[in-house]
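Some notes on the structure that comes next.
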Amino acid sequence: DVDALVDSGAKNSYMHTDFIKANKLQPSVLAYHISIYNADGSLNAARSITHFVNSILRVRGHTETI
């Protein structure tokens, strides 16, 4: 179990690679890369998302796969 901040208005969920490594999660390669842009429209230093992780979110008895 870990503490997390959940944005209920977000369209997607993201995890930093450090979090994935620290929690020994197993990422899988995406079929295509997703470019990452900053609020000002510039390309983020990380450039793109290349992997995904299936995870389970549990909150007060409610469970979802994200």
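Here the sequence shown is numbered in this note's numbering, starting from 15 and rising by one per residue. Glycine is no exception: its CB is placed at the ideal position from the N, C-alpha and C atoms.
Grab the span of the alpha helix (DSSP H) containing residue i for me, first residue to last.
i, result
"ILE34", "31-36"
To the nearest whole angstrom, what separates the beta carbons of residue i and residue j, a pair I think is in contact under 8 Å?
i, j, result
"ASN58", "ILE48", "Contact flag wrong, Cβ pair sits at about 11 Å."
"ILE80", "SER42", "With a Cβ gap of about 14 Å, ILE80 and SER42 do not count as contacting."
"SER69", "LEU39", "7 Å"
**OP:** With a floor of 3 residues, list each beta strand (DSSP E) that falls wholly inside the region 40-76, ordered by position along the chain.
**Re:** 42-51, 57-66 and 70-73
Original post:
Okay, do the region 65-80 and the region 17-34 touch, 3+ Cβ pairs below 8 Å being the bar?
Top reply: yes
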